[in-house]
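**Q** I'd like to ask some things about the structure below.
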Amino acid sequence: MLRIVRGRTAAAGFFYRRLVRQVERLGPAFVKFGQIIGTRRDILPPLLCDELGQLHDRVRPMTRRQASAALADVYGPELHRIFAEVEPEPVASGSVAGVYRATLTDGRLVAVKLRRPDIRRRMTLDLAILHGLGKFAERLPPARGVPVGELTGFICTAILGQLDFAAERDNLATLVRNFDDAEYVWVPEPVTELCRPQCLVMEYIPDLAAAPVSTISAARRPQLALRMLSAVYQMLFLDGFVHCDLHPGNVYLRGPRVVILDAGFSVRLNPTVRRQFAEFFLGLALGRGPRCGEVVVESAVRLAPDADVAGFVASVAELVHRNSGVPAKDFELMRFGTDLFTLQRDYGLYAASEFVFPLMSLLVIEHTVRELDPEVDFQAAARPMLLKAAAATAHLSRPSA
Numbered sequence: 357m358l359r360i361v362r363g364r365t366a367a368a369g370f371f372y373r374r375l376v377r378q379v380e381r382l383g384p385a386f387v388k389f390g391q392i393i394g395t396r397r398d399i400l401p402p403l404l405c406d407e408l409g410q411l412h413d414r415v416r417p418m419t420r421r422q423a424s425a426a427l428a429d430v431y432g433p434e435l436h437r438i439f440a441e442v443e444p445e446p447v448a449s450g451s452v453a454g455v456y457r458a459t460l461t462d463g464r465l466v467a468v469k470l471r472r473p474d475i476r477r478r479m480t481l482d483l484a485i486l487h488g489l490g491k492f493a494e495r496l497p498p499a500r501g502v503p504v505g506e507l508t509g510f511i512c513t514a515i516l517g518q519l520d521f522a523a524e525r526d527n528l529a530t531l532v533r534n535f536d537d538a539e540y541v542w543v544p545e546p547v548t549e550l551c552r553p554q555c556l557v558m559e560y561i562p563d564l565a566a567a568p569v570s571t572i573s574a575a576r577r578p579q580l581a582l583r584m585l586s587a588v589y590q591m592l593f594l595d596g597f598v599h600c601d602l603h604p605g606n607v608y609l610r611g612p613r614v615v616i617l618d619a620g621f622s623v624r625l626n627p628t629v630r631r632q633f634a635e636f637f638l639g640l641a642l643g644r645g646p647r648c649g650e651v652v653v654e655s656a657v658r659l660a661p662d663a664d665v666a667g668f669v670a671s672v673a674e675l676v677h678r679n680s681g682v683p684a685k686d687f688e689l690m691r692f693g694t695d696l697f698t699l700q701r702d703y704g705l706y707a708a709s710e711f712v713f714p715l716m717s718l719l720v721i722e723h724t725v726r727e728l729d730p731e732v733d734f735q736a737a738a739r740p741m742l743l744k745a746a747a748a749t750a751h752l753s754r755p756s757a
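According to the working numbering, the sequence shown is numbered sequentially starting from 357.
Set out below in structure tokens:
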């Protein structure tokens, strides 16, 4: 029997790897879609999520000629009145844009995020295909009860949002304001008057090459771990505005500060979700398992026809009981999240994307936080903010009795 199970697992793994390689060949819209949907372990098989997590953009940077022409199209005759110099080689490059270091005519160093020409048209067409496939898949028997259409629509909107540099400018400005009192967080401030629909100009933050944790002094690591964790907790529990793409390429440590970049995929939590987050994590910290289960049920966007709500709440209560108050070294946030997502899938509950994707921002940084401080106590670090958040959101959109 064990041999049969292993054989099926190996076959599934082989199929998923082939599937992911095909997705990479389809282009950037499909890659971004795969990267985001791969975080939904409450809906997709864990093996498939593991493979989707390996997806990478395989797009060459813009040539010097392409970048120069794109800048000239954006700024026209103003270009040389604004910029004294734009370095020809990008400091970063992806499927949507390249980032270039530049010097303004007043001497300020800035980062210029320049959108690839024609990328909006191409990705819009691809995303329309994906959205249509999602609507079609929702009608198939294997997807019965699964909110495929809602999920596909949310992801397509999120990807299109990464092409909207006016929205990203506003997202950066919001994060700068929200962290104004947190000296340990550095978000590049947009230079609003120089931003255009195809180009985002922002403060340049130097020396952001990814450095191994081993190069950071042991005495400083616990403090940095706590600061990184506190930044995400503040977004989730206090601000209600969450950067949902905190992979290592968007989060850096520079001196005593946590640097957060690329705010294209950010979500503003509505009052109901803010309250649910505060209640769920406070329930975890205080061992209130049944209430945690009830909160997840409240957050569900859909229940399968055969959903077992009572069984789900009981299983979540047991999961919380096993994890609440355990020694810091024994609590793994990703394992807890994966177990919770498995319960949702097994019992037929599907959480709203607005609930799951902000939560993923916390799960994604766990590895870096643990590298900095293996003994960090996620639950204890959250408690002060959770109590403050619970008081602030107690009146927000409670379910009617």
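Where is the CB? At the ideal position from N, CA and C, for every residue including glycine.
1) What does DSSP give as the partner residue(s) for residue 624 in the beta ladder?
2) Is there contact between the region 693 to 706 and the region 366 to 377, where contact requires at least three CB pairs shorter than 8 Å?
3) Where does residue 453 fall in DSSP's three states?
4) Considering residue 569, what are the terminal residues of the beta strand (DSSP E) in which it resides?
5) Can you check the region 597 to 667 for any alpha helix (DSSP H) of at least 4 residues that lies completely inside it and give the ranges in chain order?
6) Buried or exposed, going by whether 16 or more other CB atoms sit within 10 Å of the CB of residue 579?
7) DSSP three-state call for residue 358: helix, strand or coil?
8) Counting beta carbon pairs with one atom in the region 540 to 555 and one in the region 511 to 526, are three or more of them shorter than 8 Å?
9) Helix, strand or coil: which one does DSSP assign to residue 535?
10) Would you mind listing the alpha helix (DSSP H) stretches within the region 372 to 442 that are 4+ residues and don't spill past its ends, in chain order?
11) Shortest alpha-carbon distance to residue 543 belongs to which of 686, 549, 528, 658?
12) With a Cβ-Cβ cutoff of 8 Å, do residue 457 and residue 447 count as a contact?
13) Among residues of its own chain, excluding the 5 on either side of residue 430, which ones have a beta-carbon nearer than 8 Å to its beta-carbon?
14) Quick one: what's residue 559 bridged to in DSSP?
15) So, does the region 602 to 611 touch the region 720 to 730, judging by three or more C-beta pairs under 8 Å?
16) State the start and end residues of the unbroken alpha helix (DSSP H) segment that holds residue 689.
17) Quick check: the region 729 to 749 against the region 611 to 625, are there 3 or more CB pairs under 8 Å?
18) With a threshold of 6 Å on Cβ separation, who are the neighbours of residue 733 within its own chain once the five nearest residues in sequence on each side are excluded?
**A** Let's see:
1) The residue given as residue 624 occupies position 268 in the sequence shown. As computed with DSSP, residue 624 is found in a beta bridge with 597.
2) A contact is defined here as three or more CB-CB pairs under 8 Å, and the region 693 to 706 fails this definition with respect to the region 366 to 377.
3) On the sequence shown, residue 453 is found 97 positions in, with the first residue counted as 1. Strand, per DSSP.
4) Within the sequence shown, the letter at position 213 stands for residue 569. DSSP places residue 569 outside any beta strand (DSSP E), giving it a letter other than H or E.
5) Within the region 597 to 667, the complete alpha helix (DSSP H) runs of at least 4 residues fall at 627 to 642, 645 to 655.
6) As a position in the sequence shown, residue 579 is number 223, starting the count at 1. It is exposed - the Cβ of residue 579 has fewer than 16 other Cβ atoms within 10 Å.
7) Here the question's residue 358 lines up with position 2 in the sequence shown. Note on residue 358: pLDDT 46, under 50, position unreliable in the model; the coordinate value appears next. Three-state DSSP puts residue 358 in a helix.
8) The region 511 to 526 vs the region 540 to 555: in contact.
9) Here residue 535 corresponds to residue number 179 of the sequence shown, with the count starting at 1. In the structure shown, residue 535 sits in coil (DSSP, three-state: anything other than H, G, I, E or B).
10) Qualifying alpha helix (DSSP H) stretches, in chain order: 384 to 393, 402 to 408, 420 to 431, 435 to 438.
11) Here residue 543 refers to the residue found at position 187 when the sequence shown is read from its first residue. Checked all of 686, 549, 528, 658; the closest Cα to residue 543 is 528.
12) Locating residue 457 in the sequence shown gives position 101, counting from the first residue. Locating residue 447 in the sequence shown gives position 91, counting from the first residue. In this structure, the beta-carbon distance from residue 457 to residue 447 falls below 8 Å.
13) Translated into the one-based positions of the sequence shown, residue 430 becomes position 74. Once the five neighbours on either side are set aside, the close Cβ partners of residue 430 are 470, 552, 554, 555.
14) Locating residue 559 in the sequence shown gives position 203, where the first residue counts as 1. Bridge partners of residue 559 according to DSSP: 466.
15) Under the Cβ criterion (8 Å, minimum of three pairs), the region 602 to 611 counts as touching the region 720 to 730.
16) Start at 1 with the first residue of the sequence shown, and residue 689 comes out as number 333. Element bounds for residue 689: 689 to 703.
17) Taking one beta carbon from each stretch, the region 729 to 749 and the region 611 to 625 have fewer than 3 pairs nearer than 8 Å; the two do not touch.
18) Working through the sequence shown from its first residue, we reach residue 733 at position 377. For residue 733, where only same-chain residues beyond five positions count, the Cβ hits under 6 Å are 684.
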